[in-house]
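Visitor: Below is a structure I'd like to ask you about.
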Amino acid sequence: MSSNNKRLMHVHEFLDLVVKSHVVDEKVLEDALLAAPEVVGGTLEQVARWLISKRFLTPFQIKTIRQRNVRGLVIDGYIILDYLGKGGTGVVYLARSPKGDLQALKVLPISKQTSERTILRFRREIALSQFLSHPGIAAAYEAGETKHVHYLAMEYARGDTLYRLIRRTGPASPIEACRWISQVAGALHYAHQMGVIHRDLKPSNVIIGPKGRTKLLDLGLARWIKDDENEDRVVGVRRIVGSFDYIAPEQAADSSMADARSDVYGLGCLLYFSLSGKPPFHHVKERKAKIAHHRRIHAEPLTHQRSEVPGGLDRDISCMLAKDPSDRFGSAGEVRAVLLEWIDALERGQTEGEAGIPEAEPDFWDLDHMLEMEEELPSDLDSPDEPIPLDEDGMPT
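What follows is the structure, encoded as structure tokens:
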């Protein structure tokens, strides 16, 4: 058999897998290929680029099909278009819903290795997401289970995460940071009033959208404030959940001890990251050392890093980052009020346009995206899939 026939077999095998994925209607694809016979005679890369240019497939779908993973591209009628990120209890994809609109689909594949607690946490996330309704929190639409896969369909928040935005453009101005985090604080204050704490505030869980509007994401580690009995069953006794770069000291000691003031600490971490481009203890790499710093060491003042940060704002952030919860602002609503005062003061001293990501179609059709599929996950995704048990000294094992 000639090498040319081997190449053609490879292309035909790929096209067969495309049909088996059920992402593309077989008759529509067949008619398109008949109208362009030169495509089938090309290389696999040429066929892939043609499929993308005609918007039959996205680069993510191409990569997945080339790995022969065709079953997971359609989940209960939701067509997976792209990878968005990893949440506290599952993987999040951009999907086309059965109605035709774009949604974020959080997926938890179930296998023999999946712990009962993981499933319970995912079900709790579904309940909390569907319970809360606030413009600053990504809305939950539908949840289901099909072929050993649990899923939660949610609002697709256009924009970029705070993490990626700061990494790309550098630290925010004080007024930008106050505008963003005051909105997050408002959404959190609503959640707290409804009896829910987040417990996983980090830059990758905040979307900065058009005109600087924010959306809070991922309730995978959230819990009802008064739910200690179920907390032990869902998470475990004396275990840690959260992201180690942004975790409150009391939550790092025992996650069941977290309350609304723990989220106030998280707001302080978000502000610190927004203004410095780094988490408070970015130089500490080992988990036990990070937790020790959150418990006992004060973060370097922002005024030592940036002269344009007002000393009063720096002191307010230090108040949010107080080691003792009773020394922090009493609520997320109080934080919001303080930040609104700072916005007013900063606006009197300077005038800036609203920052944010312009409204646009997501870039999942970009051909260059095919070369970027192995994107490194951000460091602030250091949230273990399973709660971390504590040793006798109260440190993660």
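Using this note's numbering, you'd call the opening residue of the sequence shown number 11 and step up by one each time.
We put the CB at the ideal spot given by N, CA and C, even for glycine.
Only a predicted model underlies this, so the values are computations on that prediction, with no experimental measurement involved.
Quick one, which of E296, R174, F66 has its alpha-carbon nearest V33's?
Guide: For the purposes of this step, residue 33 is taken as the residue at position 23 of the sequence shown. Out of E296, R174, F66, F66 has the C-alpha closest to the C-alpha of V33.
Visitor: Assuming the contact rule is C-beta atoms closer than 8 Å, D228 and G97 should be a hit. Round their C-beta distance to whole Å, please.
Guide: Position 218 of the sequence shown, counting from 1, holds the residue named residue 228. Position 87 of the sequence shown, counting from 1, holds the residue named residue 97. Indeed they touch by this definition, with Cβ atoms about 5 Å apart.
Visitor: Which class does I307 belong to by DSSP, given the choice of helix, strand or coil?
Guide: Position 297 of the sequence shown, counted from the first residue, corresponds to residue 307. Coil.
Visitor: Indicate the three-state DSSP secondary structure (helix, strand or coil) for R415 in the structure shown.
Guide: Missing from the structure shown is residue 415; the chain here goes from 11 to 407 and no further.
Visitor: Spell out whether any CB of chain C is found under 8 Å from the CB atom of H32.
Guide: No chain C appears in the structure shown, which is made up of a single protein chain.
Visitor: With DSSP as the reference, identify every bridge partner of P289, one or two as the case may be.
Guide: By 1-based counting over the sequence shown, the position of residue 289 is 279. Per DSSP, none; premise fails for P289.
Visitor: Do you know offhand how far A187's Cα is from L349's?
Guide: By 1-based counting over the sequence shown, the position of residue 187 is 177. By 1-based counting over the sequence shown, the position of residue 349 is 339. Cα to Cα, A187 sits roughly 9 Å from L349.
Visitor: Which word fits I307, buried or exposed, when buried means at least 16 other C-beta atoms lie within 10 angstroms of its C-beta?
Guide: As a first step, residue 307 must be located in the sequence shown, where it is residue number 297. I307 comes out exposed.
Visitor: Can you name the start and end residues of the alpha helix (DSSP H) that Y166 belongs to?
Guide: The residue you call residue 166 lines up with position 156 of the sequence shown. Element bounds for Y166: n/a, residue is neither H nor E.
Visitor: Around the C-beta of R325, are 16 or more other C-beta atoms found within 10 angstroms, so that it is buried, or is it exposed?
Guide: The count along the sequence shown starts at 1 and reaches residue 325 at position 315. Flag for R325 reads exposed.
Visitor: So for G95, helix, strand or coil by DSSP?
Guide: Translated into positions along the sequence shown, residue 95 becomes position 85. Reduced to three states, the DSSP call for G95 is strand.
Visitor: In whole angstroms, give me the CA-to-CA distance for K30 and E152.
Guide: Position 20 of the sequence shown, counting from 1, holds the residue named residue 30. Position 142 of the sequence shown, counting from 1, holds the residue named residue 152. In a straight line, the C-alpha of K30 is about 26 Å away from that of E152.
Visitor: Let me check understanding here. Comparing Cα to Cα, which of V84, E23, H202, Y93 lies closest to P108?
Guide: Here residue 108 corresponds to residue number 98 of the sequence shown, with the count starting at 1. The shortest C-alpha separation from P108 is found at V84.
Visitor: If I measure Cβ to Cβ from M204 and keep anything under 8 Å in the same chain, skipping five residues before and after, which residues do I get?
Guide: Here residue 204 corresponds to residue number 194 of the sequence shown, with the count starting at 1. Result list for M204: F141, L142, in chain order.
Visitor: Mapping DSSP to helix, strand and coil, what is K116?
Guide: In the sequence shown, the residue the question calls residue 116 occupies position 106. In this structure, K116 counts as strand in the three-state DSSP scheme.
Visitor: Need the endpoints of the beta strand (DSSP E) that L4 sits in, please.
Guide: One cannot answer for residue 4 here, as it falls past the ends of the chain, which runs 11 to 407.
Visitor: R442: which of Y282, V319, E318, A332 sits nearest, CA to CA?
Guide: Lying outside 11 to 407, the shown extent of the chain, residue 442 is not represented and no answer is given.
Visitor: Starting from A150, trace the beta strand (DSSP E) both ways and give me its first and last residue.
Guide: The residue labelled residue 150 in the question sits at position 140 within the sequence shown. Residues 150 to 156.
Visitor: For K225, report the span of its beta strand (DSSP E) as first-last.
Guide: Sequence index remark: in the sequence shown, residue 225 carries index 215 (1-based). Note, K225: beta strand (DSSP E), 224 to 226.
Visitor: Relative to the C-alpha of R127, which residue among S286, L231, R338, G343 is closest?
Guide: One-based indexing of the sequence shown puts residue 127 at position 117. Closest by alpha carbon: L231.
Visitor: Going by other Cβ atoms of all chains shown within 10 Å of its Cβ, with 16 needed for buried, is A46 buried or exposed?
Guide: Locating residue 46 in the sequence shown gives position 36, where the first residue counts as 1. Under this definition A46 is an exposed residue.
Visitor: Over what stretch of residues does the alpha helix (DSSP H) that includes I72 continue unbroken?
Guide: Along the sequence shown, read from residue 1 onward, the residue named residue 72 stands at position 62. Element bounds for I72: 69 to 76.
Visitor: Buried or exposed for L400, please, with buried defined as at least 16 other CB atoms from any protein chain shown within 10 angstroms of its CB.
Guide: Here residue 400 corresponds to residue number 390 of the sequence shown, with the count starting at 1. Note on L400: pLDDT 47, under 50, position unreliable in the model; the coordinate value appears next. Flag for L400 reads buried.
Visitor: Decide if V38 is buried, meaning its Cβ has at least 16 other Cβ atoms within 10 Å, or exposed.
Guide: Locating residue 38 in the sequence shown gives position 28, counting from the first residue. V38 comes out exposed.
Visitor: Just to confirm, are W352 and S284 a CB contact at a threshold of 8 Å?
Guide: Translated into the one-based positions of the sequence shown, residue 352 becomes position 342. Translated into the one-based positions of the sequence shown, residue 284 becomes position 274. Result no, Cβ atoms of W352 and S284 do not sit closer than 8 Å.
Visitor: Taking the CB atoms as reference points, tell me whether A105 and I120 lie closer together than 8 Å.
Guide: Position 95 of the sequence shown, counted from the first residue, corresponds to residue 105. Position 110 of the sequence shown, counted from the first residue, corresponds to residue 120. No, Cβ-Cβ distance for A105 and I120 is not below 8 Å.
Visitor: What is the C-beta distance between V216 and L280, in whole angstroms, given that I count them as a contact (C-beta under 8 Å)?
Guide: Against the sequence shown, residue 216 aligns to sequence position 206. Against the sequence shown, residue 280 aligns to sequence position 270. The Cβ separation is near 7 Å, so the contact holds.
Visitor: Kindly confirm or deny that the segment 199 to 213 and the segment 63 to 82 touch, where touching means at least three C-beta pairs closer than 8 Å.
Guide: No: fewer than three Cβ pairs fall under 8 Å.
Visitor: Using DSSP's beta-bridge definition, name the partner residues of Y275.
Guide: Counting from one through the sequence shown, the residue named residue 275 turns up at place 265. Y275 is not bridged to any residue.
Visitor: Where DSSP assigns a beta bridge to R233, which residues make up the other side?
Guide: Here residue 233 corresponds to residue number 223 of the sequence shown, with the count starting at 1. Answer is I207.
Visitor: Determine which residues share a DSSP beta bridge with I85 and list them.
Guide: For the purposes of this step, residue 85 is taken as the residue at position 75 of the sequence shown. I85 is bridged to Y88.
Visitor: Per DSSP, I218 forms a beta bridge with which residues?
Guide: One-based indexing of the sequence shown puts residue 218 at position 208. In DSSP, I218 forms a bridge with D170, T224.
Visitor: If we count the other Cβ atoms within 10 Å of its Cβ and call it buried at 16 or more, is G169 buried or exposed?
Guide: By one-based count along the sequence shown, residue 169 stands at place 159. G169 is buried by the Cβ-count criterion.
Visitor: Here's the rule I'm using: 16 or more other beta-carbon atoms within 10 Å means buried, otherwise exposed. How should H199 be labelled?
Guide: Locating residue 199 in the sequence shown gives position 189, where the first residue counts as 1. It counts as buried.
Visitor: Among L226, Q77, H303, which residue has its Cα nearest to the Cα of A167?
Guide: For this step, residue 167 is matched to residue 157 along the sequence shown. Among L226, Q77, H303, the Cα nearest to that of A167 is on L226.
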